[in-house]
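**Student:** What follows is a structure written as C-alpha cells; I'll ask about it next.
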Amino acid sequence: MIFDAKGPQAQTTTTTDSARLSAVSGPSLSLLEKYLLKRGFFVRDVCDPRDNVVWTVCSREGLPGEVRYPNPHYHHLSRDRAADLQAALASASVLLGVPDEALAAQVAQIAVMPPAGFACRLCGVCCESMSDAFRGRVSYEEVAAWRELGLYRILRLVGVEERGGYTLYTAWKNPKNGKHFKRCPWLRSLPGGQGRGCAIYEHRPFKCRSFPYSRDHAERSHCRAFEYLPCDLEGAFMPVDRDNGRTQRRDDCGEAVE
Ligand code: SF4
Ligand code: SF4
Numbered sequence: 001m002i003f004d005a006k007g008p009q010a011q012t013t014t015t016t017d018s019a020r021l022s023a024v025s026g027p028s029l030s031l032l033e034k035y036l037l038k039r040g041f042f043v044r045d046v047c048d049p050r051d052n053v054v055w056t057v058c059s060r061e062g063l064p065g066e067v068r069y070p071n072p073h074y075h076h077l078s079r080d081r082a083a084d085l086q087a088a089l090a091s092a093s094v095l096l097g098v099p100d101e102a103l104a105a106q107v108a109q110i111a112v113m114p115p116a117g118f119a120c121r122l123c124g125v126c127c128e129s130m131s132d133a134f135r136g137r138v139s140y141e142e143v144a145a146w147r148e149l150g151l152y153r154i155l156r157l158v159g160v161e162e163r164g165g166y167t168l169y170t171a172w173k174n175p176k177n178g179k180h181f182k183r184c185p186w187l188r189s190l191p192g193g194q195g196r197g198c199a200i201y202e203h204r205p206f207k208c209r210s211f212p213y214s215r216d217h218a219e220r221s222h223c224r225a226f227e228y229l230p231c232d233l234e235g236a237f238m239p240v241d242r243d244n245g246r247t248q249r250r251d252d253c254g255e256a257v258e
C-alpha cells in the first residue's frame with residue numbers, strides 16, 4: 001500500500017510551531033540508533049517470540065551493558081514509543097555516563113552530524129550505491145514529521161505495510177505501480193554541472209542524514225569525502241587552534257576527547 005493521505009495513517013494532529021519542530025528534530029529511537037552507531041556501537045536485532053517484538057540490541061566493546069529497544073522501523077500499535085525511547089535513553093545515559101538531558105541533546109545533534117574531516121564532493125555515489133537508502137525502511141517519526149509539515153510529495157512515495165500488530169514504512173515506491181524505483185527518485189543534477197544533490201535535502205530520511213557513521217564507513221561505501229584533506233586527521237587528531245598550534249583529539253563525531 002502506498003501512503004494515502006485519506007487512509008488510516010492520516011491521523012488528525014493539532015499543529016503548533018513547537019510541535020512541528022519537535023516532530024522534526026526531537027530525539028527518537030531511530031536517531032538514538034544513529035547516534036550509537038556514530039559512537040562505535042555494534043547493533044544487532046533479536047526477535048523475542050514471547051512478545052513477538054524485534055528488539056535492537058546495541059553494545060560497544062569495553063562497556064558493561066547494552067542498550068535495548070524495539071526496532072525503530074516497527075511501529076507497534078500496542079507499544080508506547082515515547083516510553084520505549086525514555087527507557088533506551090536512560091540505559092544509554094547510564095552506560096555512557098552522560099546525564100539524560102545532555103544525552104537527548106547530543107542525540108539530536110550528533111546523529112546527523114558528519115564525522116570530522118568530511119567534505120562532500122556532491123558525486124551522488126552514496127545515493128546510487130546504497131540501495132537501502134532509497135529502498136529501505138523509514139521510521140514512524142519520519143513519516144509523522146513529513147505529515148506535520150504537509151510534505152505529501154514525499155509521503156506519496158512512502159510504502160505502508162500493515163501487518164499483525166505493527167506497521168512498516170518503506171522508501172521509495174512508485175505510486176503508479178507500488179514498486180520500488182530503480183534509483184532514488186530524489187537524486188538530481190545540480191545546476192551548472194556542480195554535481196548531484198537531493199531534491200528533498202531539508203527533509204531527507206535519517207538514514208541519508210546520518211551517512212557516513214565514520215570515515216571507515218564512508219570508505220567502505222566508496223564515498224570519497226575524506227580524500228585530499230587539508231589537514232592530517234590520522235589517528236583522529238585534528239588541528240583546532242591554528243594560532244597557537246595546539247591540537248586536540250577528536251572522535252568520529254568531532255567531539256573533543258581527553
Ligand atoms: S558518496 Fe560521499 S562525497 Fe559523494 S555525495 Fe555521497 S557523501 Fe558526498
Ligand atoms: S533521499 Fe536524497 S539523500 Fe537519500 S538517497 Fe535519495 S537523493 Fe540521496
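Heads up: the sequence shown at position 43 corresponds to 43 in my numbering, and the numbers run straight through without jumps. Even for Gly, the Cβ is constructed at its ideal location relative to N, Cα and C.
Would you grab the beta carbon distance between F134 and W172 for me? Rounded to a whole angstrom, and I think it's under 8 Å.
**Tutor:** F134 to W172, Cβ: 6 Å. Contact.
**Student:** May I ask you to report which of helix, strand or coil DSSP gives S139?
**Tutor:** Of the three classes helix, strand and coil, the one that applies to S139 here is coil, per DSSP.
**Student:** Where does the unbroken beta strand (DSSP E) through D48 begin, and where does it stop?
**Tutor:** That run of the beta strand (DSSP E) goes F42 to D48.
**Student:** Give me the residue from A104, V158 and R68 with the minimum Cα distance to R204.
**Tutor:** With distances taken between Cα atoms, R204 lies closest to V158.
**Student:** Can you tell me where the alpha helix (DSSP H) with E162 in it begins and where it stops?
**Tutor:** Counting along the chain, E162 falls outside any alpha helix (DSSP H), though it belongs to the beta strand (DSSP E) covering G159 to R163.
**Student:** Cβ-heavy atom distance between A225 and ligand 1 below 6 Å?
**Tutor:** Within the cutoff, so yes.
**Student:** Hey, could you find the ends of the beta strand (DSSP E) S78 is sitting in?
**Tutor:** Element bounds for S78: n/a, residue is neither H nor E.
**Student:** Buried or exposed, going by whether 16 or more other CB atoms sit within 10 Å of the CB of L21?
**Tutor:** The predicted position of L21 is uncertain, since its pLDDT is 36 and thus under 50; no value can be drawn from it.
**Student:** Residues near ligand 2, CB to any non-hydrogen atom under 5 Å, in chain order?
**Tutor:** Per the Cβ criterion, the list is C127, A133, F134, C184, W186, L187, C198, R204 and C208.
**Student:** Could you check which residue in A104, A102 and V53 has the C-alpha nearest to that of S78?
**Tutor:** If we check each option's Cα against that of S78, V53 comes out closest.
**Student:** With DSSP run on the structure shown, which of helix, strand or coil describes A19?
**Tutor:** Caution is warranted here: a pLDDT of 38 is assigned to A19, below 50, making its placement in the model unreliable, and the coordinate value is therefore given only provisionally. If DSSP states are grouped into helix, strand and coil, A19 belongs with the helices.
**Student:** If you follow the beta strand (DSSP E) that S59 is in, where does it begin and where does it stop?
**Tutor:** Per DSSP, S59 belongs to the beta strand (DSSP E) from V53 to S59.
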